[in-house]
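The structure appears below as structure tokens.
Residue numbers (mature numbering (1 follows the signal peptide of the UniProt record, and there is no 0)): -24 to -1, 1 to 479.
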């Protein structure tokens, strides 16, 4: 059966080649990703429509799926993938139509040479599709994929391998950890024509998570910089659609001035922080700089009416390009004297994210933070919430002589631990300031809020403190604060030691 499917796909691809004209392919319509990015200030639009035929005779029609890619740095792309309008026709669901899945992410390729290009992709699928109608999954997924591309004259080879954390639509607070893979090729027949193909899938140790398909196709020209392509896929496992066909269109634009040059060589000032990243919940718009590594060890304490929570944590940030950071925070919590959980300890809510901040206007800098809270904790011990949350913040910072002012506004989509495939949407806001008393000592404070239509889920924190620099490198900070909502801590205390490293 598998051999028959592969023969059908190969025969279809060869027929496509015979009937096609030639074009040098910039578009990659395959599931396997290239490691290369499109370049700073470039914008690429990929538009696809496809039909998936499942083994239970269900048909999924995806109309005008969009993949919008913005080159925010020479080696970093911000992308948004929208599955488009989806129509489902089949025996297990009533015929339904609605929006498909939406994915937001970052691709970076910090390492390249004659040996190829090495990069990674980090993304989150948001819970916007309706899983009850079979149009997608109304849960959040997380993807972290390593990418490698090797160019050999007319042949380009792409290799992908990574982690996929997939939310369960049938059981609360449950996630599946899958290993994803892909091997693809792009072969340039002439200066104006490419054949493409790959084998991609995922495995999770269970038959219902064994996904694998083979894809073949081509890319050819239209006019005015547009490309088009056709692909055909065959499922190689029972959980993969039996076959799929796709029609793809793509174009790239160079938008001069959209992403300004903020590198030190240009005379720009990509970082306007007084010392280094803001130490409280608020986020500054500035990034730490290309090639810089920021490491911080922090200890925080929160006092509630009937118990205390102590959390040491590690915060690691790396500047993969000017105006682009990736960051991870790993906390370990100790719960003391809880009337429900008693005394417990363990790994708490791990956070992974990226920040882009290439835009400046006078004394103002603007950025965006994209962050995912992983389902890493054991919520049965009261140390966190075993749900995946997504946060998008719009950041503004202003440098006013010795003052640095920060403003945050955004939203958070958080998994509901009380209902399957349910989410809660929060509005997040904050304002903070830092004042430099000297070149090595500063005072700071912020007000941070998270609102929801139910008062018991709202949070409002006021915090303030100071930090100073030792040996021109080590940053020491200390702060305290209080909460104003019913479930907020009565008091907070934080102490941190940070070490910035420039390579």
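For glycine and all other residues, C-beta sits at the position ideal for the given N, C-alpha and C.
This structure is a prediction, so every number in the text was calculated from the model and none was measured.
| Just the Cα atoms here: how many angstroms apart are residue 390 and residue 468? | As a working mapping, residue 390 is identified with position 414 in the chain shown. As a working mapping, residue 468 is identified with position 492 in the chain shown. Distance between the alpha carbons of residue 390 and residue 468 is about 23 Å.
| task | Would you list the residues sitting across from residue 35 in a DSSP beta bridge? | result | Counting from 1 along the chain shown, the entry for residue 35 is found at position 59. DSSP output for residue 35 lists 29 and 65 as bridge partner(s).
| said: Give me, in chain order, the residues of the same chain whose beta-carbon lies closer than 6 Å to that of residue 470; leave out the 5 immediate sequence neighbours on both sides. | reply: As a first step, residue 470 must be located in the chain shown, where it is residue number 494. The beta carbon of residue 470 lies closer than 6 Å to those of 276 and 455 in the same chain, with the five residues before and after it left out.
| request: Starting from the C-beta of residue 154, find all residues in its chain whose C-beta is less than 7 Å away, skip the five residues before and the five after it, and write them out in chain order. | output: Taking the chain shown and counting its residues from 1, the one referred to as residue 154 is at position 178. Answer for residue 154: 140, 142, 178, 179, 180 and 185, listed in chain order.
| request: Leaving out five residues on either side along the sequence, give the residues of the same chain with a beta carbon under 8 Å from the beta carbon of residue 243. | output: As a position in the chain shown, residue 243 is number 267, starting the count at 1. With a pLDDT of 42 at residue 243, under the threshold of 50, the modelled position of this residue cannot be trusted, and the question is left open.
| field | For residue 393 and residue 462, the rounded distance between their alpha carbons | value | Locating residue 462 in the chain shown gives position 486, counting from the first residue. Locating residue 393 in the chain shown gives position 417, counting from the first residue. Rounded to the nearest angstrom, the gap between the Cα atoms of residue 462 and residue 393 is 20 Å.
| said: Which of the three DSSP states is assigned to residue 247 in this structure? | reply: The residue labelled residue 247 in the question sits at position 271 within the chain shown. Per-residue confidence for residue 247 stands at a pLDDT of 37, beneath the threshold of 50, marking its modelled position as unreliable; the derived number appears in the next sentence. DSSP places residue 247 outside both helix and strand once states are collapsed to three, so it counts as coil.
| Which value, in whole angstroms, describes the spacing of the CA atoms of residue 341 and residue 374? | Taking the first residue of the chain shown as position 1, residue 341 is located at position 365. Taking the first residue of the chain shown as position 1, residue 374 is located at position 398. If you take the alpha carbons of residue 341 and residue 374, they lie about 6 Å apart.
| message | Could you pull the DSSP bridge partners for residue 3 from this structure? | response | Locating residue 3 in the chain shown gives position 27, where the first residue counts as 1. For residue 3, which the question treats as bridged, DSSP gives no partner whatsoever.
| For residue 50, which three-state DSSP category applies? | The count along the chain shown starts at 1 and reaches residue 50 at position 74. DSSP places residue 50 in coil when its eight states are reduced to three.
| request: Out of 23, 215, 74 and 474, state which residue places its alpha-carbon closest to the alpha-carbon of residue 290. | output: On the chain shown, position 314 is the one that residue 290 refers to. Closest option to residue 290, Cα to Cα, is 474.
| CB-CB length for residue 191 against residue 11, believed under 8 Å | Stepping through the chain shown from its first residue, residue 191 is reached at position 215. Stepping through the chain shown from its first residue, residue 11 is reached at position 35. At roughly 18 Å, the Cβ-Cβ gap does not stay under 8 Å, so residue 191 and residue 11 are not in contact.
| For residue 172, which beta-bridge partners are listed by DSSP? | As a position in the chain shown, residue 172 is number 196, starting the count at 1. Residue 172 is bridged by DSSP to 162 and 193.
| Which residues bound the beta strand (DSSP E) around residue 359? | Position 383 of the chain shown holds residue 359. Run containing residue 359: none; DSSP gives neither H nor E here.
| query | Below 8 Å between beta carbons: does that hold for residue 77 and residue 43? | reply | Looking up residue 77 in the chain shown gives position 101. Looking up residue 43 in the chain shown gives position 67. Between residue 77 and residue 43, the gap from beta carbon to beta carbon reaches 8 Å or more.
| field | Residue span of the beta strand (DSSP E) that contains residue 312, given as start and end | value | Indexing the chain shown from 1 puts residue 312 at position 336. Bounds of the beta strand (DSSP E) holding residue 312 are 300 to 314.
| Under a Cβ-count criterion, where at least 16 other Cβ atoms within 10 Å of its own Cβ denotes burial, should residue 472 be classed as buried or exposed? | On the chain shown, position 496 is the one that residue 472 refers to. Under this definition residue 472 is a buried residue.
| message | To the nearest angstrom, how far is the alpha carbon of residue 269 from that of residue 296? | response | Locating residue 269 in the chain shown gives position 293, counting from the first residue. Locating residue 296 in the chain shown gives position 320, counting from the first residue. One C-alpha to the other measures close to 9 Å.
| said: So the candidates are 92, 231 and 99; which of them puts its Cα closest to the Cα of residue 129? | reply: The residue given as residue 129 occupies position 153 in the chain shown. Comparing Cα positions, the closest option is 92.
| request: Give the secondary structure of residue 231 by DSSP, where H, G and I count as helix, E and B as strand, and everything else as coil. | output: Locating residue 231 in the chain shown gives position 255, where the first residue counts as 1. Three-state result, residue 231: coil.
| field | Own chain residues within Cβ distance below 6 Å of residue 417, not counting five before or after | value | If you number the chain shown from 1, residue 417 lands on position 441. Result list for residue 417: 444, in chain order.
| With contact counted as at least three CB pairs below 8 Å, one residue from each stretch, are the region 259 to 267 and the region 328 to 348 in contact? | Output reads yes: the region 328 to 348 touches the region 259 to 267.
| Counted within 10 angstroms of its Cβ, other Cβ atoms place residue 53 as buried (16 or more) or exposed | Position 77 of the chain shown, counted from the first residue, corresponds to residue 53. Under this definition residue 53 is a buried residue.
| task | Look at the Cβ atom of residue 384, then the Cβ atom of residue 371, and state whether they are nearer than 8 Å. | result | Locating residue 384 in the chain shown gives position 408, counting from the first residue. Locating residue 371 in the chain shown gives position 395, counting from the first residue. Contact: yes.
| To which residues does DSSP link residue 478 through a beta bridge? | For this step, residue 478 is matched to residue 502 along the chain shown. BP columns for residue 478 point to 268.
| Pairwise C-alpha distance: residue 419 and residue 492 | With the chain covering -24 to 479 only, the question about residue 492 has no answer from this structure.
| task | If I'm right that residue 207 touches residue 67 with Cβ under 8 Å, what's the distance once you round it to whole angstroms? | result | By 1-based counting over the chain shown, the position of residue 207 is 231. By 1-based counting over the chain shown, the position of residue 67 is 91. Not really, about 27 Å apart at Cβ, beyond 8 Å.
| message | Between the alpha carbons of residue 426 and residue 232, how many angstroms are there, rounded? | response | Indexing the chain shown from 1 puts residue 426 at position 450. Indexing the chain shown from 1 puts residue 232 at position 256. Cα-Cα distance, rounded: 37 Å.
| query | Using the beta-carbon count (16 or more within 10 Å), is residue 169 buried or exposed? | reply | Here the question's residue 169 lines up with position 193 in the chain shown. Burial call: buried.
| task | Determine the direct distance from the alpha carbon of residue 216 to that of residue 151, and round the result to whole angstroms. | result | Position 175 of the chain shown, counting from 1, holds the residue named residue 151. Position 240 of the chain shown, counting from 1, holds the residue named residue 216. So the two alpha carbons sit approximately 20 Å from each other.
| field | Cβ neighbour criterion (16 or more within 10 Å) applied to residue 429 | value | By 1-based counting over the chain shown, the position of residue 429 is 453. So residue 429 ends up on the exposed side.
| task | Would you check if the distance between the CB atom of residue 324 and the CB atom of residue 287 is smaller than 8 Å? | result | On the chain shown, position 348 is the one that residue 324 refers to. On the chain shown, position 311 is the one that residue 287 refers to. It is a contact, given that the beta carbons lie within the stated cut-off.
| task | Determine the DSSP secondary structure at residue 400, reduced to helix, strand or coil. | result | Within the chain shown, residue 400 is the residue found at index 424, counting from 1. Secondary structure at residue 400: strand, using DSSP grouped into helix, strand and coil.
| said: Rounded to whole angstroms, what is the Cα-Cα separation between residue 49 and residue 345? | reply: Against the chain shown, residue 49 aligns to sequence position 73. Against the chain shown, residue 345 aligns to sequence position 369. Roughly 16 Å between the two C-alpha positions.
| task | Label residue 447 either buried or exposed according to how many other C-beta atoms from any shown protein chain fall within 10 Å of its C-beta, with 16 as the threshold for buried. | result | By 1-based counting over the chain shown, the position of residue 447 is 471. Residue 447 should be labelled exposed.
| task | Within the same chain, show all residues whose beta-carbon is closer than 7 Å to that of residue 163, passing over the 5 residues directly before and after it, in chain order. | result | Here the question's residue 163 lines up with position 187 in the chain shown. In the same chain as residue 163, and ignoring 5 residues on each side of it, the C-beta atoms closer than 7 Å to its own belong to 130, 131, 170 and 171, in chain order.
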